[in-house]
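The sequence shown begins at 10 in our numbering and counts up one residue at a time.
Just so you know, even glycine gets a beta-carbon here, dropped at the ideal spot from N, CA and C.
Right, one structure below, let's go through it.
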Amino acid sequence: MPSSNPAFRGLPAAGNGPSAGWGSAAPQQTYGGAPTQHDPYAAPSPYAATDRAYMTMDDVVTKTGLSFLVTVVSAAVTWAVLPDTLALGLALPAVLVAFVLGLVIAFKQVANPVATLAYGALYGVALGAISEMFNDQYSGIVSQALIGTFGVFAGMLVVYKTGAIRVTPKLTRWIVGALFGVLALVIVNLVASFFVDGGLGLRDGGPLAIGFSILVIGVAAFTLLLDFDMADEAIRRGVEPKFAWYIAFGLLVTVIWLYIEILRLLSYFRE
């Protein structure tokens with residue numbers, strides 16, 4: 010089931026994956042020394058590694074944690090070490106380079122530590138500068154945004170693991186539709202802002218902006234459900250361990266988006 014997160018779209022189908030490939034033979038797991046055969050009627054896995062090394066949840070957790078650590082360290086160094094003017098000057102170039110790199114990772118399905126960690130480090134520079142700017146204007150807002158982001162992430166993980174909300178094709182379609190709707194509104198608002206002060210009012214800090222920001226946070230939160238499900242699906246299909254870097258990238262994309270939107274919403278309330 011495809012996730013709405015760009016990092017997880019279009020996983021390689023059988024026979025047309027990357028040249029290195031995720032493998033073509035379904036893995037056989039061993040319990041008590043005896044190999045267990047897969048259902049003969051099940052579709053063959055296009056992801057299973059030929060060297061019989063399979064990605065585990067530990068791989069996902071470790072690589073995702075390392076990716077977040079690099080992002081946080083990069084942001085902290087930018088905030089604490091670089092002068093304000095230099096940090097802000099580096100923010101836009103870092104975002105642009107990270108955006109291009111992110112597109113390459115997502116559409117070429119690049120799964121290696123260099124690409125994922127570089128993306129995290131670049132966005133860390135931008136986040137450090139942006140967070141410092143917001144915190145200077147609204148003291149303590151960054152801590153609140155971090156707590157909010159962690160809370161949403163942990164909450165959606167609990168919701169997913171307990172099965173309170175199940176990832177179904179219908180839910181996936183709804184979230185994908187919501188994502189396209191949010192993107193369309195953002196673009197229309199941006200275009201309208203060139204002709205009318207404040208555009209449609211989606212980012213001016215007013216009641217409509219607050220409502221829209223809450224909507225975006227909700228969409229980002231539900232996107233996490235699809236990302237968690239994709240990680241489980243990849244493990245079930247027996248992908249190579251390196252694929253965990255690709256999953257880590259996707260989660261990083263969603264969490265960064267979530268943090269920025271929560272930071273924006275809190276600034277509205279402060280105003």
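* Cα-Cα, which of Ile156, Met142, Phe231, Gln118 is closest to Leu180? -> Of the candidates Ile156, Met142, Phe231, Gln118, the one whose C-alpha sits nearest the C-alpha of Leu180 is Phe231.
* To do: With DSSP as the reference, label Leu209 as helix, strand or coil.
  => Note: Leu209 maps to coil in three-state DSSP.
* Asked: DSSP state of Pro250, grouped into three classes?
  -> In this structure, Pro250 counts as coil in the three-state DSSP scheme.
* **Same chain, Cβ closer than 8 Å to Leu275, neighbours up to 5 away in sequence not counted** => Once the five neighbours on either side are set aside, the close Cβ partners of Leu275 are Tyr147, Ile150, Gln153, Ala154, Gly157.
* To do: Quick one: residues in its chain with C-beta nearer than 7 Å to the C-beta of Leu233, no 5 flanking neighbours on either side, listed in chain order?
  => Excluding sequence positions up to five before and after Leu233, its CB lies within less than 7 Å of the CB of Phe162, Met165, Thr263, all in the same chain and listed in chain order.
* To do: Run the proximity test for Gly247: is its beta-carbon closer than 7 Å to any non-hydrogen atom belonging to the ligand ZN?
  => Judged by which ligands are present, the structure shown has none, so any question about the ligand ZN falls away.
* Asked: Would Ala240 pass as a contact of Val81 if the rule is Cβ separation under 8 Å?
  -> By the CB criterion at 8 Å, Ala240 and Val81 fall outside the cutoff.
* To do: Out of Pro216, Val79, Leu272, Val225, state which residue places its alpha-carbon closest to the alpha-carbon of Val189.
  => Note that residue 189 is Phe in the sequence shown, not Val. When C-alpha distances from Phe189 are compared across Pro216, Val79, Leu272, Val225, the shortest belongs to Val225.
* Asked: Is it the case that the Cβ atoms of Met66 and Glu249 are separated by a distance below 8 Å?
  -> Not closer than 8 Å, so no.
* Return helix, strand or coil for Tyr147, following the three-state DSSP convention. => Tyr147 sits in coil when the DSSP states are folded into three classes, being neither helix nor strand.
* Asked: Can you list, in chain order, the residues of its chain whose CB lies under 7 Å from that of Ile174, leaving out five sequence neighbours each side?
  -> For Ile174, where only same-chain residues beyond five positions count, the Cβ hits under 7 Å are Val168, Leu234.
* To do: Buried or exposed for Leu105, please, with buried defined as at least 16 other CB atoms from any protein chain shown within 10 angstroms of its CB.
  => Exposed: under 16 other Cβ atoms inside 10 Å.
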